[in-house]
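Numbering (the working numbering), first residue to last: 9 to 106.
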C-alpha cells in the first residue's frame, strides 16, 4: 500500500526548475529526470522506512541517474516531500523547511 504524496511548495518549485533546466540541455531529458524522481518518490511512498534517516525524522532517496536526492518526512498517513535537491547545493536550504 502506498501513502499519498504531498509536496512542500519549495520542493515543487525545485522539481519544476530542475526539469526545465534538463529540458534546456537536451530535448526529452526533462522527461527522463521526472521519471527518475517519480521512481524515487514512489519508493518512498511504498516503503518509507527503508530509507536512511538523515536528520531527525527526515529521510532521503538518492536518484540513480541524476545528482539529486528526494528528502521527505514519513507521516502516519502521507509522505511529505521537503526537497528535490541537487547534491552540490547547501543542505541548510532544505533543512530550513524541516
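Beta carbons: idealized from backbone N, C-alpha and C, even for Gly.
It should be emphasised that the depicted structure is a prediction, and the values quoted were computed from it without experimental measurement.
Listed in chain order, the non-local C-beta contacts of residue 24 below 8 angstroms within the same chain number zero, local neighbours out to five positions each way being set aside. When the five nearest sequence neighbours on each side are left out, the beta carbons in the same chain lying within less than 6 angstroms of the beta carbon of residue 15 are those of 89, in order along the chain. Taking C-beta atoms under 8 angstroms as the contact rule, residue 75 and residue 11 fail to qualify, at a distance of about 26 angstroms.
In this structure, 30 is the residue among 66, 30, 106, 52 with its C-alpha nearest to the C-alpha of residue 42. The beta carbon of residue 63 sits closer than 8 angstroms to the beta carbons of 103, 106 from its chain, once the five residues preceding and following it are set aside; these are given in chain order. For residue 51, the uninterrupted alpha helix (DSSP H) segment begins and ends at 37-54. Residue state for residue 17 is assigned as helix, using DSSP reduced to three classes.
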